[in-house]
Amino acid sequence: MKNYDLIVVGAGVLGTFHSYFALKKGLKVLLVEKDTLPNEATVRNFGQIIPSGMDLNQWHQYGREAMDIYKALQQEAEISVRNNGSTYLASSELEYQLLKELQAIHTQNGYSSQLLTQAECQERLPNVQADYCVGGLLFPQEITVEPRQMIHRLIEHLTQTYALDYRPLTTIKDCEIRNNACEVTDTRGERYTAPKAVICSGRDFKILFPEVFSNSGMRLSKLHMMATTPMPEVQMPGSILTGLSIRHYESFQSCPSFEQLKNLPYHNEELRKYGIHILFKQATDGSIIIGDSHEYVDVDQSETLDFGLDMYINELILDEAKRIMNLPHWKIQNYWAGFYAKHPDQIFEHNIEDKIFITTGIGGKGMTTSAGYAKHHIETIFA
Numbered sequence: 013m014k015n016y017d018l019i020v021v022g023a024g025v026l027g028t029f030h031s032y033f034a035l036k037k038g039l040k041v042l043l044v045e046k047d048t049l050p051n052e053a054t055v056r057n058f059g060q061i062i063p064s065g066m067d068l069n070q071w072h073q074y075g076r077e078a079m080d081i082y083k084a085l086q087q088e089a090e091i092s093v094r095n096n097g098s099t100y101l102a103s104s105e106l107e108y109q110l111l112k113e114l115q116a117i118h119t120q121n122g123y124s125s126q127l128l129t130q131a132e133c134q135e136r137l138p139n140v141q142a143d144y145c146v147g148g149l150l151f152p153q154e155i156t157v158e159p160r161q162m163i164h165r166l167i168e169h170l171t172q173t174y175a176l177d178y179r180p181l182t183t184i185k186d187c188e189i190r191n192n193a194c195e196v197t198d199t200r201g202e203r204y205t206a207p208k209a210v211i212c213s214g215r216d217f218k219i220l221f222p223e224v225f226s227n228s229g230m231r232l233s234k235l236h237m238m239a240t241t242p243m244p245e246v247q248m249p250g251s252i253l254t255g256l257s258i259r260h261y262e263s264f265q266s267c268p269s270f271e272q273l274k275n276l277p278y279h280n281e282e283l284r285k286y287g288i289h290i291l292f293k294q295a296t297d298g299s300i301i302i303g304d305s306h307e308y309v310d311v312d313q314s315e316t317l318d319f320g321l322d323m324y325i326n327e328l329i330l331d332e333a334k335r336i337m338n339l340p341h342w343k344i345q346n347y348w349a350g351f352y353a354k355h356p357d358q359i360f361e362h363n364i365e366d367k368i369f370i371t372t373g374i375g376g377k378g379m380t381t382s383a384g385y386a387k388h389h390i391e392t393i394f395a
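Take any residue in the sequence shown, count from 1 to its spot, add 12: that is its number in our numbering.
Following this line, the structure appears as structure tokens:
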């Protein structure tokens, strides 16, 4: 049996950042991952780090802290962080009014931004459709990462620099408290022990603690996403969020005009039906990630979210994207589905005897907030 100070199950962004902050405290950490590489929500998203869109409570603060953490890590190792900003595009005067209101709120909280005219939006994003964009809001301090690269590079850095013990292809079948410590057993029969264990198992609800997840109140979301073939001739810096995103992101709910916008019909109600709002993010190879949709079921009904890709939903996403951007072509090289768990309380936490800390259901804000949340959670666990 091998002994550690902390065992973390799940090497997505939430689990890996728990490992990082434990390592920073000088602790001996084991990080286990059931797959060869993490291949769920952490690698299937846009790679947008957008504190500006987070609920204006501790989650916005977690996002701000996470942004600084990413930037600091980028100084240590190439993990794909780019400081290229986030731009919100308004398609109506009411949406533009909400951007003004959000700017005022963030300014009061010491988080700067720049209101953009239609002409300034088109200068920053030459491919935006003139008849779509009324104006915009730029957060120049915000960042992006490459989602298919970042987590792998980060784990490699933690292994080489901080002596992380990382074990992929290791499925944990049991986690229990014995002799006042956490004892973890994998499917090969190997056992590991530590005073504390953190379970960041994403949407895996059936291996460890299924009865806890069954009664958790979490829901599972399925997303449709896609990426074009590379278009290096296109200038599309940073994260691009659009009119429907203003209805989607929690920060706007603090704006005085939000209820007025919320109650307006969509120009195509099918977009509401499938939870579609349009985001763009250009990867370093020039390809453009486009999405996404949101379909939800309770965790007990997870199999009802079909594994297939619904081309009707993909066409809805593409048609709406074409209203917003005028690209040289719309050749799609990849379609994929992403899945994440979310909880009404923003994250699901369940502690067992102050030794096993089940932590998942962070929703669609994992890339933005996990680092900040994990920093504080580790401090609480080892207080």
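Glycine is no exception: its CB is placed at the ideal position from the N, C-alpha and C atoms.
Item: Distance between beta carbons of THR316 and ALA78, contact taken as under 8 Å; Value: Actually they do not touch by this definition, with Cβ atoms about 33 Å apart.
Item: Alpha carbon of GLY303 to alpha carbon of THR199, nearest angstrom; Value: 37 Å
Item: Option in PHE221, MET337, VAL55, GLU327 with minimal Cα separation from ILE163; Value: VAL55
Item: Bridge-paired residues (DSSP) for GLN126; Value: LEU150
Item: Segment limits, alpha helix (DSSP H) that includes TYR324; Value: 323 to 336
Item: Host beta strand (DSSP E) of PHE369 (start-end); Value: 368 to 372
Item: CB-CB length for VAL21 against LEU232, believed under 8 Å; Value: That belief does not hold up - the Cβ atoms of VAL21 and LEU232 are roughly 19 Å apart, past 8 Å.
Item: C-alpha distance - GLY229 paired with HIS388, whole-angstrom precision; Value: 24 Å
Item: For GLU361: DSSP bridge partner residues; Value: THR371
Item: Unbroken stretches of the alpha helix (DSSP H), 4 residues or longer, contained in the stretch 232 to 307; Value: 255 to 260, 270 to 274, 281 to 285
Item: Reduced DSSP category for GLY201 - H, G, I as helix; E, B as strand; rest coil; Value: coil
Item: Beta-carbon proximity of ALA239 to SER299, cut-off 8 Å; Value: yes
Item: Residue from GLN86, ARG136, LEU253 whose Cα sits closest to the Cα of GLU158; Value: GLN86
Item: Best match in THR129, TYR347, SER263, GLY147 for proximity to LEU71 [C-alpha to C-alpha]; Value: According to the sequence displayed, residue 71 carries Trp and not Leu. Closest by alpha carbon: SER263.
Item: Same chain, Cβ closer than 7 Å to LEU35, neighbours up to 5 away in sequence not counted; Value: VAL41, LEU170, TYR174, LEU176
Item: For GLU154 and TYR123, the rounded distance between their alpha carbons; Value: 11 Å
Item: Length of the line joining the Cα atoms of SER64 and GLU88; Value: 26 Å
Item: Residue range of the alpha helix (DSSP H) that includes ASP27; Value: According to the sequence as given, residue 27 is Gly; it is not Asp. Its alpha helix (DSSP H) spans residues 25 to 36.
Item: Secondary structure of SER103, DSSP reduced to three states; Value: coil
Item: Alpha-carbon to alpha-carbon, VAL309 and ASN167; Value: The amino acid at residue 167 is misidentified as Asn; the sequence shows Ile. Cα to Cα, the separation comes out at about 31 Å.
Item: GLY350 - partner residues in DSSP beta bridges; Value: LEU235
Item: Endpoints, beta strand (DSSP E) assigned at ARG179; Value: 177 to 179
Item: Minimum Cβ-Cβ distance from PHE264 to chain B less than 8 Å; Value: No chain B appears in the structure shown, which is made up of a single protein chain.
Item: Supposed close pair PRO207, ASP331 - CB separation, criterion 8 Å; Value: Actually they do not touch by this definition, with Cβ atoms about 54 Å apart.
Item: Environment of PRO138 [buried if 16+ CB atoms lie within 10 Å]; Value: exposed
Item: Contact under 8 Å by Cβ, ALA116 with HIS236; Value: no
Item: For VAL157, the three-state DSSP class (helix, strand or coil); Value: coil
Item: DSSP three-state assignment for GLN345, whether helix, strand or coil; Value: strand
Item: Spatially closest choice to GLY250 from ILE81, PRO152, GLY201, by CA coordinates; Value: PRO152
Item: Local conformation of ARG76 per DSSP, three classes; Value: helix
Item: Status (buried if at least 16 other CB within 10 Å, exposed otherwise) for ALA142; Value: exposed
Item: Which of helix, strand or coil DSSP assigns to GLN60; Value: strand
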